[in-house]
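Chemist:
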Amino acid sequence: MNDPRSSEIAAREHPATPMERVLEFLRGVPFWWIVGLLAVGLFFGGAGAAVGAWTNACAGGGGCPTAAAIEQFAPQQATELYDAEGGLLGLFYRERRQLVSLSELPPYVPLAFVAIEDRRFYEHEGVDVRRIVGAIRDNLLDGFAATGASTISMQLARNLFPEQLPRGEMTFRRKIAEARLALEMERQLTKEQILELYLNHIFFGSGAYGIEAASRTYFDKSATELSVEEAATLAGLPQAPSAYNPRRSPDVAEGRRNVVLAAMAATRVITAEEATTAEETPLNLAPPAGVVRAPYFVEQVRRDLEGRFGELLYTGGLRIYTTLDPALQAEAEASLEEQLREVESGAYGWYPHTTYEEFKEQEESSEGEGVVTTPYLQGMVVSLDPHTGAVLALVGGRDFTDSQFNRATQALRQPGSAFKPFVYAAALEMGRSPMYSLPDSPLFVRMPDGDTWVPRNYSNDYEGDMSLREALKRSKNMVAIRLGQEIGAPAVENVAHRAGLETPIPDYPSVFIGAAAVYPIDLVAAYAAFANGGLSVEPRLIDRVEDGEGGLIWEPAPGAEVAFAPSLSWIITDMLREVVDGGTGYVVRNPAIGNLSYDIPAAGKTGTTNDATDVWFVGYTPEILTGVWIGLDQPAAISGGATGGGFAAPVWARVVRKFHEGREPPLPWERPADVEVRRIS
Numbered sequence: 000m001n002d003p004r005s006s007e008i009a010a011r012e013h014p015a016t017p018m019e020r021v022l023e024f025l026r027g028v029p030f031w032w033i034v035g036l037l038a039v040g041l042f043f044g045g046a047g048a049a050v051g052a053w054t055n056a057c058a059g060g061g062g063c064p065t066a067a068a069i070e071q072f073a074p075q076q077a078t079e080l081y082d083a084e085g086g087l088l089g090l091f092y093r094e095r096r097q098l099v100s101l102s103e104l105p106p107y108v109p110l111a112f113v114a115i116e117d118r119r120f121y122e123h124e125g126v127d128v129r130r131i132v133g134a135i136r137d138n139l140l141d142g143f144a145a146t147g148a149s150t151i152s153m154q155l156a157r158n159l160f161p162e163q164l165p166r167g168e169m170t171f172r173r174k175i176a177e178a179r180l181a182l183e184m185e186r187q188l189t190k191e192q193i194l195e196l197y198l199n200h201i202f203f204g205s206g207a208y209g210i211e212a213a214s215r216t217y218f219d220k221s222a223t224e225l226s227v228e229e230a231a232t233l234a235g236l237p238q239a240p241s242a243y244n245p246r247r248s249p250d251v252a253e254g255r256r257n258v259v260l261a262a263m264a265a266t267r268v269i270t271a272e273e274a275t276t277a278e279e280t281p282l283n284l285a286p287p288a289g290v291v292r293a294p295y296f297v298e299q300v301r302r303d304l305e306g307r308f309g310e311l312l313y314t315g316g317l318r319i320y321t322t323l324d325p326a327l328q329a330e331a332e333a334s335l336e337e338q339l340r341e342v343e344s345g346a347y348g349w350y351p352h353t354t355y356e357e358f359k360e361q362e363e364s365s366e367g368e369g370v371v372t373t374p375y376l377q378g379m380v381v382s383l384d385p386h387t388g389a390v391l392a393l394v395g396g397r398d399f400t401d402s403q404f405n406r407a408t409q410a411l412r413q414p415g416s417a418f419k420p421f422v423y424a425a426a427l428e429m430g431r432s433p434m435y436s437l438p439d440s441p442l443f444v445r446m447p448d449g450d451t452w453v454p455r456n457y458s459n460d461y462e463g464d465m466s467l468r469e470a471l472k473r474s475k476n477m478v479a480i481r482l483g484q485e486i487g488a489p490a491v492e493n494v495a496h497r498a499g500l501e502t503p504i505p506d507y508p509s510v511f512i513g514a515a516a517v518y519p520i521d522l523v524a525a526y527a528a529f530a531n532g533g534l535s536v537e538p539r540l541i542d543r544v545e546d547g548e549g550g551l552i553w554e555p556a557p558g559a560e561v562a563f564a565p566s567l568s569w570i571i572t573d574m575l576r577e578v579v580d581g582g583t584g585y586v587v588r589n590p591a592i593g594n595l596s597y598d599i600p601a602a603g604k605t606g607t608t609n610d611a612t613d614v615w616f617v618g619y620t621p622e623i624l625t626g627v628w629i630g631l632d633q634p635a636a637i638s639g640g641a642t643g644g645g646f647a648a649p650v651w652a653r654v655v656r657k658f659h660e661g662r663e664p665p666l667p668w669e670r671p672a673d674v675e676v677r678r679i680s
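The opening position of the sequence shown corresponds to residue 0 in numbering that gives the first Met the number 0, with each subsequent residue numbered one higher.
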């Protein structure tokens, strides 16, 4: 902020005593100001106390504020969060404030505040002696209350420099100190600068600081778009934000608005006819802000950035541009919720647990707000770009108000058969081919403690020798376990970790069919190495962070690393395509359920734990990678017929269809030159 009068302020060549500073300042103060201020002091407690308050107002903190100090003053500003299309996604703040320039506002907006708060703003120089005398008169009649007479400059001083004012109630000493600070600011700044600072600092109620935040709070529009009646409504709030709050007391707020309109007409900001028209206009408030869009995504962004930016995240007015696709996010939320309600309704067979509706009817959510677990069926969806790791959609749960626990990023769940591709990838890397055969027959595994583990296939049937390709397509547990035992858990762990799974893979047989718990987002991201030709990618929710002026502050560095050869990636993808086109994930193509066109190449894997506590579908096309998990927070069998293909795959198909809607079908994955294809009869 430039100081138009700074050249007129002479610098001292030697330190002055406090009295010299007072006398020097008083030489430049009009006589009637001093008379008025002393009158207030004499009336409330004597001239000595008035002079003391005058002197002490600038005694601490390096003296009275200078233009440089005011220019360096950085108000708290809300950080804005945007989706990939530039839509406002949310705010992070301690004080919800967004700055706006005075020049951007329609002229009647700031003048509405001048008309009601400080009609002689452009005539006085910080203190309005006429109002002081009037306040003294009113206070004599109303019981000696030290109220009134505060100019816009005095109100601003109160907001900017509270540490230089006497503590406690609004006494005459505070008024004197405010006046001193206001006079100093008037000597340092132009009227326009003072008015802009004022409009950006004052409190409007409902958590809104500054006129821009207030305009968005009450009218869901920028302050640059306010109508006359809307400007008058906001101008009426600073005097008593709670009493005049238009949401709490619309009739009172409308009356206050009309008082402001009358003041605007009296000061010729608007005509009498315009005032009458505005008075007849309803308040027309915007509906209160509802639930934050994509709340689990937004909260994860906050978690990711808080460690990097600290308090600046809430006060620095940053602009965070995220990777979220709003249409895809909406589809992910809607399709998951619809499927969970279907399961709870009994459409897939008897459902033995508390439903979401039952939980809400019991009103337990009000007692358990923010809790980790809920008794009703939960789920998560993550979609990302398999080439960059950009998270396009993230659903971490069913109801953020009930539970802020993010099941996509914080839950450790068993992946079941959705882990098998990493076992098969390790085997192929060690020289097996997709046509390598192993027995699909009963298996008895001696455990270290002497017990015998007897795994089974989901269908409880066994079909003899079977190729790896066919076994993965049909999710045969016996083949996966035998294959894992052949190559060893360390080889499987190595492949999984290179792909991006960081959780431990213990050395026991059940890990080969997904007994080792994983974070869902990590499992989904690990599939990217199959989808993109062998590169592991880091899931990222943030594209870049800018300051309030648009300067780049931070952007995530590219994190892709080679996980395994493109040929291995292509072969696993080719095997997983058969899962979708005719294996356990066939519902994806079923016209009555998933209805994903064969024009869109797709690969994926179902996942169902043996006791049906977790069901999954993780899959991809050449352009999008998506994972779906469904289960209960406290692990328990969902229902008798729960499978990844039946419960999770339909959600996956809807999300992927939405992504490809209106796009040209992608080309299939290109086969690497070193992959030889042979037909085996």
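Quick reminder that beta carbons are idealized off the backbone N, C-alpha and C, glycines included.
#1: Taking the Cβ atom as the reference point for each residue, do Ala602 and Tyr619 lie within a distance shorter than 7 angstroms?
#2: Going by DSSP, name the residue or residues bridged to Thr451.
#3: Could you pull out every residue in the same chain whose Cβ sits closer than 8 angstroms to the Cβ of Thr642, ignoring the five residues on either side in sequence?
#4: Roughly how far, in whole angstroms, is the beta-carbon of Val587 from the beta-carbon of Ser334, given that I think they are within contact range, below 8 angstroms?
#5: Starting from Ser344, trace the alpha helix (DSSP H) both ways and give me its first and last residue.
#6: Between Asn199 and Val99, which are expected to be in contact by the criterion C-beta below 8 angstroms, what is the C-beta distance as a whole number of angstroms?
#7: How about Val478 and Asp506: do their beta carbons lie closer than 7 angstroms?
#8: CB-CB under 7 angstroms to Glu278, same chain, minus the five flanking residues each way: which ones, in chain order?
#9: Within the same chain, show all residues whose beta-carbon is closer than 6 angstroms to that of Ala262, passing over the 5 residues directly before and after it, in chain order.
#10: Locate the beta strand (DSSP E) running through Lys604, then write down its first and last residues.
#11: Could you tell me if Trp349 is buried or exposed, where buried requires 16 or more neighbouring beta carbons within 10 angstroms of its beta carbon?
#12: Where do the ends of the alpha helix (DSSP H) carrying Arg656 lie?
#13: Look at the alpha carbon of Leu110 and the alpha carbon of Gly306, and state the distance between them as a whole number of angstroms.
#14: Whose C-beta lies closer than 6 angstroms to the C-beta of Gly89 among residues of the same chain, with five residues either side of it excluded?
#15: Under 6 angstroms Cβ to Cβ from Thr502, same chain only, skipping five residues before and after it: list those, please.
#16: Compute the Euclidean distance between the alpha carbons of Glu683 and Thr223, then round it to the nearest angstrom.
#17: Output needed for Gly558: all residues of its chain with C-beta closer than 6 angstroms, excluding positions within five of it in sequence on either side, in chain order.
#18: For Glu675 and Thr408, I'd like the C-alpha separation in whole angstroms.
#19: Phe218 by DSSP, collapsed to three states: which one?
#20: Once DSSP output is grouped into helix, strand and coil, what is the label at Phe160?
#21: Would you mind stating whether Thr314 and Arg93 have Cβ atoms separated by less than 7 angstroms?
#22: Grouping DSSP H, G and I as helix and E and B as strand, with all else coil, what is Gly487?
#23: Can you check the stretch 453 to 515 for any beta strand (DSSP E) of at least 3 residues that lies completely inside it and give the ranges in chain order?
#24: Restricting to runs no shorter than 3 residues, where is the beta strand (DSSP E) found entirely within the stretch 205 to 286?
#25: Threshold first: 3 residues or longer. Then list the beta strand (DSSP E) segments lying entirely within the stretch 581 to 644, N to C.
#26: For Ile541, write down the residues that DSSP places opposite it in a beta bridge.
#27: Could you check how far apart the C-beta atoms of Ala498 and Phe421 are, in whole angstroms? I think they sit under 8 angstroms.
#28: Identify the continuous alpha helix (DSSP H) that holds Ala530 and give its terminal residues.
#29: Quick one: residues in its chain with C-beta nearer than 7 angstroms to the C-beta of Ala564, no 5 flanking neighbours on either side, listed in chain order?
#30: Have a look at Leu327 and Arg302 and give me their C-alpha separation to the nearest angstrom.
#31: Using DSSP's beta-bridge definition, name the partner residues of Gln299.
#32: Rounded to whole angstroms, what is the Cα-Cα separation between Gly640 and Gly415?
#33: Can you give the beta carbon distance from Asn459 to Ile512, rounded, assuming they're within the 8 angstroms contact cut?
#34: Measure the CB-CB distance between Ala682 and Val394 and report whether it falls below 7 angstroms.
#35: Taking the continuous beta strand (DSSP E) assigned at Tyr81, which residues delimit it?
#36: Here's a check: name, in chain order, each residue in its chain whose Cβ is nearer than 6 angstroms to the Cβ of His386, leaving out the five neighbours to either side.
Modeler: Taking the coordinates as given:
#1: yes
#2: Arg445
#3: Tyr457, Thr583, Thr605, Thr607, Ala611, Val614
#4: 13 angstroms between Cβ atoms; not a contact.
#5: 325 to 344
#6: 7 angstroms
#7: no
#8: Asn257, Leu260
#9: Ala114, Ile115
#10: 602 to 607
#11: exposed
#12: 648 to 659
#13: 43 angstroms
#14: Leu80, Val291, Val297
#15: Val517
#16: The requested residue 683 does not occur in the structure, where the chain is confined to residues 0 to 680.
#17: Glu537
#18: 39 angstroms
#19: helix
#20: coil
#21: yes
#22: coil
#23: 463 to 466
#24: none
#25: 602 to 607, 613 to 619, 624 to 631
#26: Thr321
#27: 7 angstroms
#28: 527 to 530
#29: Gly533
#30: 22 angstroms
#31: For Gln299, which the question treats as bridged, DSSP gives no partner whatsoever.
#32: 15 angstroms
#33: Between Ile512 and Asn459 the Cβ distance is about 15 angstroms, and since that is not below 8 angstroms, they are no contact.
#34: Summary: the structure shown does not reach residue 682, with the chain confined to residues 0 through 680, and so no result is reported for it.
#35: 78 to 81
#36: Asn531
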